[in-house]
Amino acid sequence: MEKESSLIIGALLEELTELRHFLHAHPEVSGHEKRTAAALVDFIGSLSGAEIVSRVGGYGFMVVFDSGIPGPFLAFRADMDALNIQETVDRPYRSVYRGVSHTCGHDGHSAILAGVARWMDDHPLKKGKVALVFQPSEENGKGAQLMLQDKKMREFSPDFCYALHNLPGYPLHRVVVRKDVFTAYVKSLLVFLQGKTSHAAEPEHGVNPAATMALLLYAAGKFTRNRPADPDFTVVTPVYARLGEKAYGVSAGYGEVHYTLRTWTEERMDETTRMFLHLVQKQAEEEGLTAETEWKYTFFPTLNHPDAVEHIARAARSAGLTVTEPAEPFKWGEDFGMFTRRFKGAMFGLGSGVNTPALHNPDFDFPDALLTTGIRIFTELLKNHGLI
Numbered sequence: 274m275e276k277e278s279s280l281i282i283g284a285l286l287e288e289l290t291e292l293r294h295f296l297h298a299h300p301e302v303s304g305h306e307k308r309t310a311a312a313l314v315d316f317i318g319s320l321s322g323a324e325i326v327s328r329v330g331g332y333g334f335m336v337v338f339d340s341g342i343p344g345p346f347l348a349f350r351a352d353m354d355a356l357n358i359q360e361t362v363d364r365p366y367r368s369v370y371r372g373v374s375h376t377c378g379h380d381g382h383s384a385i386l387a388g389v390a391r392w393m394d395d396h397p398l399k400k401g402k403v404a405l406v407f408q409p410s411e412e413n414g415k416g417a418q419l420m421l422q423d424k425k426m427r428e429f430s431p432d433f434c435y436a437l438h439n440l441p442g443y444p445l446h447r448v449v450v451r452k453d454v455f456t457a458y459v460k461s462l463l464v465f466l467q468g469k470t471s472h473a474a475e476p477e478h479g480v481n482p483a484a485t486m487a488l489l490l491y492a493a494g495k496f497t498r499n500r501p502a503d504p505d506f507t508v509v510t511p512v513y514a515r516l517g518e519k520a521y522g523v524s525a526g527y528g529e530v531h532y533t534l535r536t537w538t539e540e541r542m543d544e545t546t547r548m549f550l551h552l553v554q555k556q557a558e559e560e561g562l563t564a565e566t567e568w569k570y571t572f573f574p575t576l577n578h579p580d581a582v583e584h585i586a587r588a589a590r591s592a593g594l595t596v597t598e599p600a601e602p603f604k605w606g607e608d609f610g611m612f613t614r615r616f617k618g619a620m621f622g623l624g625s626g627v628n629t630p631a632l633h634n635p636d637f638d639f640p641d642a643l644l645t646t647g648i649r650i651f652t653e654l655l656k657n658h659g660l661i
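Right, here's the structure in full:
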């Protein structure tokens with residue numbers, strides 16, 4: 274059985290590589306994954322033992338294998354969207370779209386799950402049910418919620434849900450997983466300050482938000498506790514600021530500052546946002562400004578259930594892979610947190626090389642060598658849960 278499974282996965286590699294390269298060359302950003310979803314469905318093809326559920330939460334879709342026999346219900350999830358980043362490395366399969374690229378590896382993640390679908394068609398379930406979830410709009414933190422609130426997922430209640438993400442900085446094929454928090458809680462805050470313009474020669478006749486903006490930019494550092502080992506880990510990062518217009522005879526009457534806030538826990542996030550919003554309103558009032566705030570993107574922390582982590586570790590060892598448990602969670606956000614907020618599950622990392630470009634770098638490219646590795650772990654998870 275093991276040898277047969279490995280041969281089937283190996284035979285898929287050439288096709289999977291072609292699929293991954295096609296997806297890489299035709300990236301689509303959040304909410305626009307129409308061609309991506311179509312290419313994946315076409316690759317998966319007509320499966321004898323599965324149902325494809327299309328247009329779930331936008332361009333998301335599911336491939337559902339149901340044995341009809343009572344047993345565990347597992348869900349495997351992959352993301353599909355790309356980024357607004359100009360790719361800088363010249364490859365035969367480089368992005369055909371200017372300013373859009375797969376520089377986070379979602380082309381590889383979705384190709385892996387498509388490979389799992391093909392593998393499962395040759396390995397009928399003994400019992401239970403499996404849903405392969407192809408998620409849109411991960412990068413903006415909206416896709417998981419859109420899918421989960423779709424009526425087509427009304428009966429979606431897996432016993433365990435799993436997802437992977439490639440991880441630069443770790444040896445190729447290394448499995449990286451930890452219990453509890455795996456990725457941070459991340460929110461994006463927009464602050465708008467309205468004052469009153471005046472002639473630049475007479476700023477005393479207006480209300481310029483410059484001083485308040487400067488204080489709020491400085492305050493980000495005061496709120497930050499960038500010590501990952503600390504349970505109160507907090508990072509407040511200014512990402513954008515604008516003051517007035519390029520009108521040199523006008524003292525600005527409008528300003529805005531954008532931030533991302535990161536913590537390990539929802540409790541710490543609630544405390545940080547409460548204090549920061551209080552500071553915004555207090556400073557605005559003192560300077561005679563009107564302050565408005567808006568929350569743009571939210572990524573709930575990915576919380577790895579200990580039972581799911583143990584299943585992943587066992588699957589990795591069965592596949593002959595090395596497992597590393599990082600001491601602290603990862604600081605980036607991941608929309609899979611919406612799944613682990615509702616269901617038992619876990620995300621694991623797959624090392625994509627020690628000396629490789631970081632995620633979201635313009636020269637990043639998903640290593641094709643990970644395609645079969647990812648499939649192998651998912652198939653071993655099926656065996657661990659007794660479905661195959």
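Note that this note's numbering numbers the sequence shown so that position 347 is 620, with each residue one more than the last. Here a beta-carbon is modelled for each residue, glycine too, at the ideal position from N, C-alpha and C. Since we're looking at a predicted model, the values are computed, not measured.
- The C-alpha of residue 500 is placed about 14 Å away from the C-alpha of residue 538.
- Between residue 361 and residue 599, the C-beta gap is not smaller than 9 Å, which leaves the two residues out of contact.
- Along the length of the segment 337-380, whole beta strand (DSSP E) runs at least 3 residues long occupy 346-352, reported in chain order.
- Inside the segment 527-601, DSSP marks whole beta strand (DSSP E) runs of 3 or more residues at positions 527-536, 563-572 and 575-577, from first to last along the chain.
- Listed in chain order, the beta strand (DSSP E) elements of length 3 or more contained wholly in the segment 482-520 are 507-516.
- For a cut-off of 8 Å, the C-beta gap from residue 449 to residue 597 is around 5 Å, short enough to register as a contact.
- A straight-line Cα-Cα distance of about 46 Å links residue 318 and residue 509.
- Take the alpha-carbon of residue 577 and the one of residue 594: they are about 20 Å apart.
- Contact annotation: residue 299 and residue 309 have beta-carbon atoms nearer than 9 Å.
- Residue 657 sits in a helix when the DSSP states are folded into three classes.
- DSSP places residue 323 within a strand segment (E or B) once states are collapsed to three.
- Listed as beta-bridge partners of residue 623 by DSSP are 439 and 448.
- Counting C-beta pairs with one atom in each stretch, the segment 342-362 and the segment 408-420 have three or more that are closer than 8 Å, which means they touch.
- Bridge partners of residue 618 according to DSSP: 434.
- DSSP places residue 404 in the uninterrupted beta strand (DSSP E) bounded by 402-408.
- For residue 457 against residue 606, the beta-carbon gap comes to about 6 Å, under 8 Å, which counts as contact.
- Between residue 419 and residue 330, the gap from beta carbon to beta carbon is short of 9 Å.
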